[in-house]
Each structure stands twice: as structure tokens, then as C-alpha cells.
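A.B. asks:
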Amino acid sequence: MLSDDQAARERAIDPSMSFCVSAPAGSGKTELLTQRLLALLARVDRPEQVLAITFTRKAASEMAARIMEKLEQASADTPMEAAHERVTRDLAQQVLAHAQERSWRLDESSLNLRTIDSFCHELTRQMPILSGMGGIAEPVDNAVPLYERAVSDFLHQASVGKVGESISALLGHFDNRWNKVSDLLVALLSRRGDWGPHIGQHHDPTSAENAIESTVADLVNDRLDALSEQFAHDTQELCEVINGAREVLALSPITLTHDAEALEGWRAVSAAFLTNDLTWRKSRGINAKQGFQKDADLKERFLALLARYE
Amino acid sequence: MLPAVDLTLFLPFLEQRQIILTPGKRLARDITRSWVAQQQSNRSAVVTPRVEAVEGWLEGIWSECIELGHLPGLRLLSHQQELVLWQQIIKEDIAERDGFSLMHPRAAASRAKIARDRLLLFQAERLEGLWSYFEFDEDCSVFARWAQRFEQRLLQLSATTRYDTYQQLLSISGFEKEAAGLYAAPKLAPLPQRVLEHLCQVTVIEPPCCQQDEMVAVAFPSREDELAAAAEWAFQNSQQEHSRTAIVLLDLEADRNDLEYRLREQFDCLDSQYNDLPVNFSTGMPLGTTPMYRDLLLALEWETRPLSRTDWLALLRSPFLPFSQEHPQKTLTLIDQQFRMGSAEVSMASTLHMSAMVMPESMLTTTLRTLRSSRQQLGVKSLTEWSEVLRERLGVWQWPARASLDSIEYQQLDRLDSSLDALADLAMVLPHQTFDSALTLWRAVLNDAMFQPKTPYDSVQVMGPLEALGGQYTAMWVCGAQQSTLPAKRRIEPFLPLPLQKALELPEMDEQSRHDAATQMLGIWRAESTALTMTYHESDAGLPTKPSALITKTTESRAAASLWSRWHANQALEVMPLEVAVPVPEGHRTGGTSLIKDQAACPFRALVKHRLRPTSLATAVMGFSSAERGALLHEALFRFWREVNEQRRLNLLSDEALQATLDSAILGALQDLQASCERRGFSLRERVGTACWDLEQTYCRQVLLPWLHLEQNRKGSFRVAEAEQAHRLRLGDLELSLRPDRVDELEGGRRMVIDYKTRAPARSQWMGERPGEPQLPLYALLDDKIEGIAFASMAEQPPQFVGLGEGLGLSSQNEKPLQQQTKGVAEQWQELVEAWRGSLTALANDFIAGNARVDPVSGACRYCNLASVCRVRQLEPGEMTRAGEVEDVI
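Sequence lines, in order, name chains A and B.
If you count the first sequence from 1, position 177 lands on 177 in this note's numbering, and the numbers rise without skipping.
Quick note, this note's numbering runs 1000 ahead of the 1-based positions in the second sequence.
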């Protein structure tokens, strides 16, 4: 087991291969990353040819400090007790020798450790044409006013052409409360990276619509599968009880399967079990309004189901 | 005072009247001034020395060569003309290629100009033959395409650029070489160096350089601490006689403004003495961003587009336009009314409309009228013509308005003509333009023109690293000696292929060159100042940072005390007076239902809203505001019931007739709302847009039709006895003005008051000593015949009445005994009315007595907008009736 772990660690610092390292907290991922960076630094012409990307400035700063600390320890030939520390020191000494050969002046500013934001910013600087920016684009800290402007321009297309009809339908759905719709769209825009790919962003309207429908269908199917599994032992009983109540209310019967056609049926189950606030119904709240007559056998059977799943 | 420059270095050239050339204008000016000052103290007649910056001198030589016919006559493009030409080329290129676009073509133009200049400066040959380098990189090949087109355009225009003129100067021959001294720091690029050597016998003037092994720097915890300490140090130094102090900012762009603020704090020049700061900054600010031009551009741009609320307010307050001191009270009214319109932006037309109503004879109204009448004359014109139109426009705006400008403002005004001339000069490279485009170009010209005030102040200089070379100082502070700034970072030119940049030996690419340049700079600074302080900061935005690798030793700093802490230490504490209730004086004991509601929610809120009455400007809204929507529904129902009047008639209407009557009521209500907005100076329909307007009509129908069906099905019968009728009610010493939405008369003459709501609160809000919704209980006190109250909850699904009272015919709830409805509070209606009278009178008396304690009921603070004047956060839990509950909701 230990030798497997050691072998995996050694493989992960092989610069000729790519790795994704996944391990628990405290298992030495950062040390491994440091070793890999040192291994890479020892084989490039310029230190900035090795790029390390982090999500935060703090992480980038800490990694840079860590690399410099290892180089200083290697330079002082500080004795190391732990085996992994000796590996790090050896790699750092290789970097120092390599740096001396190439007359590098190694300091934190010469290491190419960047946040993802800074990396993208640098890309737009280095490639003004390919990035489509034309020059450096300064990111704004607060993009909300820009989202608001975009949403306002979008909503003011209401009733203009086919898109306008859709916008009007959306506004109608929200009782013509433009501020409310704007707030929701602004919130959506600020997280467009999360949902954009799932709705076919940047595709034509038909493809986008198909993508949305497909995403929704997948979500529904997943949920129906989960429900079918959860109620597997009681599906028959649940179906009979709910249909009995629906008969009292003169409503059509439902089916409970994991097929999309059964969605209405599961909605009826949800309405029977849960209140509008999506909390479990209290037993005293089960009454004729839901089709369960006082003292009826049907009501007792439903209460038993409710007690089992509550 | 110490001369700006140590003249011993330049004396041989000055005494022999040889020309001295410097890399920048600043050093040339300082040498001249120091020499003149020295000569003035010795003789009566002073001959101005020949000291020039390289660029200016070469331009002079080039012009002379053209005049003498040694070079073909070409027009030298200005910086702005070059940029505009690049922009034109990029625009054409984008138009010609499908699927190619740039978000910031102006930035690309600027980058392209820099790239071409770098090529010329470092290659010192013609550009032909280089383009093969550019083929393998998309960015570089696009630039090469643009650059070749740029060359063609120069030929077509018979124009040239600054660095092309250097190339042309290399072609002249047959002249006697003049002797010249060249100050060697910073080092010139190869092309100007070569041209100088071609034209003169150059003697390099090496600056003294003091190299030491040890470089000590003082560490500060943060960038803010470092700048504050530098400002304090400069202030203390300036108090000493004959001092000449320099602060060198290694990251000038990032630190300049912050340092200026700190210096203003130190020298007390933040407010009224703003222009008296005794500090000279080597870098000025773009002329377009100075307050005088910033406001002018805003005013002119207002003609082309509506302004944001912030910009509009800035315009009204501008000291450079004639409105800031005019009718202050009426201007406040104008601002208030303009904001009440609800638009996020303010158009010139709406301000004119409003201003004509509020202050018809004002200068603002007159100016806007003049501008409106001349609007049609704009159209498309040449930039030469636009520069004249702009001159006239300044007259209309009476800019710069102030009778007496201070010295700095006067210097800024002095640049007006040259900036308009520069705009007119763009006609050479641009076709006719619209007013909008002309303004954009003028803004660019103004932003391109750096304004650096000529001040008599010399004792404190703030400079970038290169400007500090060549001066002489009693003390110098070098700020921001970080690992990232000293030596300068490697910089890659995105439009030039990397192999070419290496081949041309651009100094930014080579680590050793950058290191040598930084070391030389340090040596020169050391030599030119009696005392050198080097500092850096250990953290930036909360992250640790490192000192420059050139620093060999660091010491810890003593952080400068902040201005606030120094001020605070000198102030005596004031004692707050004890709270004493101040009763409402007689004659002012009136109000409406909101007064009782506020007093019930929190006595302090009632004091602020109904006695102190501060007003806040209305916020912008998209579509209809809640108030407008409420007013619309109320008015539509008012109109409907005025027509139909009773349930019997309602039930006689066919579906079509009901819908038609309702549509007519809604349309009338919309027209009424529009008319009321027009009386206030704006068109609601225009603000919300036609789509929103039409949708609102549909929404009203969707809400009101189901509601009327509910009214049709009410048990018993009713007639609308009154709607929106004014009443007065005395509660203790307080007289209230009330206006119930509707009072229905039921069978047997009993009455019920109805209040329209989109969504009704719970009945519990009518109960208790401090009811959350006291409006209907107050109405219940109006008339003995009233035996029921109800909220009409219209937008609920399904719509419903939420009422209180027996036998009202509203819902099954009202069929229950009153005791059950009120959860035991009252068995009889009269008993309930008396309970309300008691609690509501107590609230009224509390208000009259001046009880203004901060004592919010649960949830009252959630949407309260008085946080800035309320000390609810400072109260101890025991001081409030519901202290603990408030904590969670604020």
C-alpha cells in the first residue's frame, strides 16, 4: 500500500506526463505540486515558461513563497529528515544548478504563478486580436450595473418581433413587474457560466430550446428515477390511496412509474404529502379537501403512509 | 534654495554655448532655469542657454531641412492624428473581413502605434523586408496587414510620423557637424542615437553614479502606510529652509493619486485650498479629466444622450457652469421632481420641461432653450467646422462661468484653443463627422493632452523613476521598491513576433539589461541626493509582497499616525444631552393613517417621518413603480364602481358588457395616471415604453376581472356607498385625514369598509396595542353603522376578502362568531371598536407627547430606510420592547 502511494507520488512529478491528483486534505498535495513545479523549472530555458494557475491571489502568493523557501533551504543545504522533504530539496538543488547555468535571477516575480483571472488578463494582453479584445480589458469588480444595462436593453425589446413576443410572455408571467424580472435576469447573468452550457448558450434559438428541453427532461427523469426507487415498496398502495382520494374529488386517476408521463402522478403525491411551503402535512391537516373523508379507511391508509415517509 | 540641477556637469557646454540635449523636456527645463538663476545672481544680462530635449531638437532640424529643400515636404502627423489614422485602418479592416471584430478597436490602434514606433526606434532601417517575421502569429500578421496599409496611407496623405522623420534625417548629408552634449540617462533608443551621431559630434555627459554594495530599505506594513509616511516626511521637509525634496514613485500609475491625496491631507489642501498644494508632480493629468473640462464635456455630451443621475447632478453643481449658485431652493425642487419621474437617466428635454415650470426665468432654462433651438443646425460637418461650433457652444453654456479663475484653472483655460485646433487638424485624416463623433474626438484630444500646472512650488517634487534622473535634491524618498517593480518587469510587445523582439534587442526583453538599468538608476539617485530613503511595503491587498532583489538590507518602519488618529487625539469628547420628549406644538397636530402606523411600528420612525420629515431622492424604477400600479388599480375600480354602483347592476351585466365596462375603467385610469404625470412634467408612457404600458393594461384586466366575479358572488347584496371620500377623525388631540378606498352598504343599512390590496396581510395585524395595519381599524371609528372591515386581496390566486365582522357575506370565515374571528379579543363589534379606539388613541397621544424612543416592533426594521439616523444597533436589549427580535432582522 505504502509502496503504491510512493510510486504514485514519484510518477506524479514526472514532467513528461500529465496528472490529475486527487487526495484527502493533509495528504501532501501541495508538497507534490511544489515538487512538480521544481522538476519542471529544472528543464526550461526561462522560469516563466512554467505556468502554475490558482484560483486566488492568496494561493498564488503562498505557492510562490513556498517555492522560494524550498530554494533557499536547498541553497543553504538544510538537512531534511523526512524522505519527501529530501526529494523536494534534491529537486530544488537541481533548479539552482540549472538557474546558475542559465544566469537566471530567481525571485518570486520571475515565477509564473498566476490566478486564473490574471492568466486570462495576460492572454488578452498578449493576444489582442485572437482574444477579440483589441487591448487590455480591465475586469470590473462589480458587474451588476452592466448586467442591469444589458437586461434593460433586452426587456425594452418587448413586443418587437418574435423575440419581443417571448419577452412580453415572460413579463406577463411575472405580472408585468419589470423590476422583478430584471432582478432575476441580472442574478442569472451573474452566474451564466454555471447554466450557459446546459441551455446551449451561443447556439441558434432552436438548438438552444432543444438543449433546454433536453436538460429539463434529464433532470425530470433523474428525479422520477429517484422517486420510483424511494417509494418502490409502496408504489401500489400509494397509487391506490391517492386515486381513491381523487375519485372522491372527481379527478382522473394517476399512475406512478419512472416514465416522464407519470410526472403529473408524482405531482399529485407531492401535493398530498406536502403543503405549499413544501413542509410535511400535519395529520390534522388531512381532510376532505384532499379527498380523505373523516374516519374513512382511505384516510387511515394515507396517514400510515405519511407517518412512514415523514 | 538648492538649484534644480548640479550645473558643474553641464558647465563646459553652457560656457562654450554648445547645445545640450536631454532625453526628456523636464531636465532641459531644469538645466535652463538653474543656469539662468545662477547667471542672474552674477550679471545683469543673461543669455538663454541652448538646452533642448532630443525629440524637440530633432523635430526642429527636420523642419529646417524641409524649409531648405534638403528633404521632401511632408506633413508631420500629431500623436492624435496618428491614432485616428490607425483607428480608420482598423475600422476598414474589420469591415472588410467577415467574423472579425474587436471589442476595443481604439486600444488596438494605440497598441499598433506603439508597436510600429518600437520597430522604427530599434531597427533603425526601413520596415520593408521585415514582414516575413510576422506570418506565423495571428496577432502579428494582422498587425503587419494594418502597418502596411498605414504606410500606404502616409504616402497618400504626404504625411509622416515622428520616428519616420528620424529615418529621413539619416539621408541628409553635406553639412558641418555641430558639437553637442548628450545627457546619457536614460539611454536613448538606437534610432535617435544614430541620428544624433549622424547630425552632430556628440559628447556623452555621463551622470555621476554612486554604486554601493549595500542597499538598505525601510519596510512598511502596507502600501497605504508607506505612502502616508512619505507624505508626512515631505511635509516635514518642506518646513525646512532651502530644502528640495523628491518623492520617486516606482509604480507611478498605481500610487500617484493615492500619494496626492495623502499630501493634500498633510498640507491641508483637500477642500478650499485645493489648488494651493505646494507640490510639483512630474506627471500631470489628462486635460479632459480636469474638473473644468470634465464638466464641459459632460454638458456638451448631454446634447447627444441622456445623462446618468450622478452626472446630471454633477452638472447642476458644477462651478464652471452658471447654474450652481442660481436659485438653490428651486434647483432642489427641480432635482426632486426630476428624480420622481423614476428614470435612471435624465434627458435635456425633460430637464428643460421641468425647469421651465419650476424656474422659467433661470439661466438653466434659457440655456437649454437656446440649445434646443440650435439643435437642428447640427447635422454632419468637417472637424474644422465642428471646432467652430464647439467654440460657439461654450458661449451658450457660459463656460467657464466663474468670474475669477485661479492660476491653475487659468492655465487649463489657456489650452482650450490648442485643443480645438488639434481637433480641426484631424480633418486631414478624417471625413465629415456628426456632432456626437466630433465630441468623442475632442474628448480623445483633451485626454491625450497632459496638463501639468506651472506652479511656483519647487520644494517638493513627485516623479517617476526616469524623471528623477539628472536633478539635485537635499533628500529623496524612493517609494515602492518591490520585487515586481525594481528592476522593471519583462514586457512583451503583443504585435511584434518574439524572435524579432529578441533580434532587435528590445531592452524590456533582456533580464540583464533591465537589471543594469535599475542598478544604474539607483546609483544616479544616490549621487544626486544628500539623503536617500528607499522603502517598500510588505503586503498589498492583504497578501505578502517582497522587496526588490537589489535591496540588501531591510529595517522596520514606524508607521505614520493617521490624520484621523491625530485629529481625534486633539479633540475633547462632547456630552450628548439627555433625551427629553418634545410635544408636538398645537396647530401641527394633524396627520394621516401612516402616522399611526409608523407610531405603532416604532415611535422614532414616526418622529422622523412626520416631524423631522427628511426627504430622500426617489430611486429609479424599471416599468411601473409599485405606487403607480397601486394608484392604477384603485383608480380603475373607482371608475368601475362609479359606473356600476351596486351588486344588483353588476350581476345584470353580461360577460361582454362587464369586460367592456372594466376595459373602459382601466383605460380611463391609465389616461388619468398619464395626465397626472404630465402635470408633474413627464410622460409615464414614454418612460415605461409602449410594451410595458400595454402589458399593464392586460395585467389590470387579469387581476380585476376575477375580482369582479368574486364581488358578483358575495352573499346578500351591497351597494357602494362611497369611494375615495375624504373624512376627518379626532383621536385625542390628533386630527387625522382619512380616505377609505370604499365603503359598502349591506342589507339592513350596515356598512363595511374595504381597503384594496394586491396581497392582504393577516388579520392579526389589526390586533394588539401596536397594530401593524391600523388603517382599517381607524376607518371603523368613522361611523357607527360600520360593522365590518375587509382587505380586498386582489392579486392572490384565487382572489379573496380578508375581513372581520359577522354576516358580511364575504367568506366562511366571516360566518364564524366575532369571538372566534378575533381569537377572544372581542365578542361584540362595538367592543372591538372600543378596544381599537383605546389603543389607537394611546398611539396618537404618544406621538403628540413627543415619545420618540427607538422601540421597533418585531420585523419593523426589515424594510426601514432610516438606518443612517437611527441608533437601534447601539441600544441595549433591555431598552427596547422587543430588543432581541430586532437583532436578527437588521
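Don't be surprised by glycine CBs; every beta carbon is placed ideally from N, CA and C.
Going along chain B in order, which residues have a C-beta closer than 7 Å to the C-beta of residue 178 of chain A?
C.D. replies: Those are 1622, 1623, 1692, listed as they occur along chain B.
A.B. asks: My guess is that residue 1196 of chain B and residue 1182 of chain B are in contact by the Cβ rule of under 8 Å, so how many angstroms apart are they, rounded?
C.D. replies: That belief holds up - the Cβ atoms of residue 1196 of chain B and residue 1182 of chain B are roughly 6 Å apart, short of 8 Å.
A.B. asks: Report the neighbours of residue 1494 of chain B on chain A: residues whose CB is nearer than 8 Å to its CB, in chain order.
C.D. replies: Within 8 Å Cβ-Cβ: 125, 126, 127, 128.
A.B. asks: What are the complete alpha helix (DSSP H) segments, minimum 4 residues, inside the stretch 1280 to 1363 of chain B?
C.D. replies: Listed in chain order, the complete alpha helix (DSSP H) runs (minimum 4 residues) inside the stretch 1280 to 1363 of chain B are 1291 to 1302, 1309 to 1317, 1328 to 1340, 1348 to 1358.
A.B. asks: For residue 294 of chain A and residue 284 of chain A, I'd like the C-alpha separation in whole angstroms.
C.D. replies: Going by the C-alpha atoms only, they are around 11 Å apart.
A.B. asks: CB residue 292 of chain A to CB residue 245 of chain A, shorter than 8 Å?
C.D. replies: In this structure, residue 245 of chain A lies closer than 8 Å to residue 292 of chain A by Cβ.
A.B. asks: Out of B:1402, B:1513, B:1469, state which residue places its alpha-carbon closest to the alpha-carbon of residue 1524 of chain B.
C.D. replies: The shortest Cα separation from residue 1524 of chain B among B:1402, B:1513, B:1469 belongs to B:1469.
A.B. asks: When you compare each of B:1198, B:1163, B:1156, B:1166 to residue 1176 of chain B by their alpha carbons, which one comes out closest?
C.D. replies: Minimum Cα distance to residue 1176 of chain B is reached at B:1198.
A.B. asks: Roughly how many angstroms lie between the CA atoms of residue 1029 of chain B and residue 1278 of chain B, to the nearest whole one?
C.D. replies: Rounded to whole angstroms, residue 1029 of chain B to residue 1278 of chain B spans 19 Å at the Cα level.
A.B. asks: Would you call residue 1901 of chain B buried or exposed, if buried means 16 or more other Cβ atoms sit within 10 Å of its Cβ?
C.D. replies: Nothing about residue 1901 of chain B can be read from this structure; chain B reaches only from 1001 to 1890.
A.B. asks: Identify, in the order they occur along the chain, each residue of the same chain with its Cβ nearer than 7 Å to the Cβ of residue 1083 of chain B, setting aside the five sequence neighbours on each side.
C.D. replies: Around residue 1083 of chain B: 1109, 1110, 1113.
A.B. asks: At a Cβ threshold of 8 Å, is residue 1483 of chain B touching chain A?
C.D. replies: Chain A, which has a Cβ nearer than 8 Å to the Cβ of residue 1483 of chain B, makes this yes.
A.B. asks: Kindly provide the ranges of any alpha helix (DSSP H) runs that are 4 or more residues long and lie completely inside the stretch 1651 to 1705 of chain B, ordered along the chain.
C.D. replies: Correct list: 1655 to 1679, 1684 to 1688.
A.B. asks: What does residue 1549 of chain B touch in chain A if you count any residue whose Cβ is under 7 Å from its own?
C.D. replies: Those are 105, 107, listed as they occur along chain A.
A.B. asks: Would you say residue 1475 of chain B and residue 1531 of chain B are within 8 Å of each other, going by their C-beta atoms?
C.D. replies: Yes, the Cβ-Cβ distance between residue 1475 of chain B and residue 1531 of chain B is below 8 Å.
A.B. asks: So, helix, strand or coil for residue 178 of chain A, using DSSP?
C.D. replies: The answer is helix: DSSP assigns residue 178 of chain A an H, G or I state.
A.B. asks: How is residue 1036 of chain B classed by DSSP in three states: helix, strand or coil?
C.D. replies: Of the three classes helix, strand and coil, the one that applies to residue 1036 of chain B here is helix, per DSSP.
A.B. asks: How is the alpha helix (DSSP H) around residue 1099 of chain B delimited, first residue to last?
C.D. replies: Segment: none, residue 1099 of chain B is in no alpha helix (DSSP H) and carries neither H nor E.
A.B. asks: Would you say residue 294 of chain A faces chain B, with C-beta separation under 8 Å as the test?
C.D. replies: So no, residue 294 of chain A is outside the interface.
A.B. asks: Residues in the stretch 1733 to 1749 of chain B with C-beta within 7 Å of chain A's C-beta atoms, listed in sequence order?
C.D. replies: Cβ contacts with chain A come from no residue of the stretch 1733 to 1749 of chain B.
A.B. asks: Using a Cβ cut-off of 8 Å (strictly closer), state whether residue 1887 of chain B contacts chain A.
C.D. replies: Reliability of the predicted coordinates at residue 1887 of chain B is poor, the pLDDT of 36 falling under 50, and the value obtained from them is presented with this limitation in mind. Chain A, which has no Cβ nearer than 8 Å to the Cβ of residue 1887 of chain B, makes this no.
A.B. asks: How big is the Cα-Cα spacing for residue 1288 of chain B and residue 1252 of chain B?
C.D. replies: Their Cα atoms are separated by approximately 20 Å.
A.B. asks: Is residue 1149 of chain B near residue 1094 of chain B, with beta carbons less than 8 Å apart?
C.D. replies: It is not a contact, given that the beta carbons lie outside the stated cut-off.
A.B. asks: Of all the CB atoms in chain A, is at least one closer than 8 Å to the CB of residue 1869 of chain B?
C.D. replies: No, residue 1869 of chain B does not count as interfacial toward chain A.
A.B. asks: How would you write the range of the beta strand (DSSP E) that residue 1478 of chain B sits in, first residue to last?
C.D. replies: Taken as a continuous stretch (DSSP letters only), the beta strand (DSSP E) holding residue 1478 of chain B covers 1473 to 1479.
A.B. asks: Determine the extent of the beta strand (DSSP E) in which residue 287 of chain A is found, giving its start and end residues.
C.D. replies: From DSSP, residue 287 of chain A is part of no beta strand (DSSP E); its letter is neither H nor E.
A.B. asks: Can you round the beta-carbon distance between residue 1778 of chain B and residue 1738 of chain B to whole angstroms, since I take them to be within the 8 Å contact cut?
C.D. replies: About 6 Å; that satisfies the 8 Å criterion.
A.B. asks: Check this for me: beta carbons of residue 1552 of chain B and residue 1215 of chain B, under 8 Å apart or not?
C.D. replies: Cβ atoms of residue 1552 of chain B and residue 1215 of chain B: closer than 8 Å.
A.B. asks: So, helix, strand or coil for residue 59 of chain A, using DSSP?
C.D. replies: Residue 59 of chain A: helix per DSSP, three-state reduction.
A.B. asks: Would you say residue 1754 of chain B and residue 1700 of chain B are within 8 Å of each other, going by their C-beta atoms?
C.D. replies: It is not a contact, given that the beta carbons lie outside the stated cut-off.
A.B. asks: Kindly identify the DSSP beta-bridge partner or partners of residue 1547 of chain B.
C.D. replies: B:1482.
A.B. asks: Just how far apart, CA to CA, sit residue 157 of chain A and residue 1859 of chain B?
C.D. replies: Their Cα atoms are separated by approximately 39 Å.
A.B. asks: Name the chain B residues that come within less than 8 Å of residue 136 of chain A, Cβ to Cβ?
C.D. replies: Those within 8 Å of residue 136 of chain A in chain B are 1107.
A.B. asks: By Cβ distance below 6 Å, which residues in the same chain neighbour residue 1787 of chain B in space, the five residues on each side in sequence not counted?
C.D. replies: These residues qualify, in order along the chain: 1750, 1805, 1829.
A.B. asks: Between residue 1969 of chain B and residue 1335 of chain B, what straight-line distance do the alpha-carbon atoms span, to the nearest angstrom?
C.D. replies: Any question about residue 1969 of chain B goes unanswered here, given that chain B covers just 1001 to 1890.
A.B. asks: Does any residue of chain A bring its CB to less than 8 Å from the CB of residue 1311 of chain B?
C.D. replies: Answer no: the Cβ-Cβ gap between residue 1311 of chain B and chain A never drops below 8 Å.
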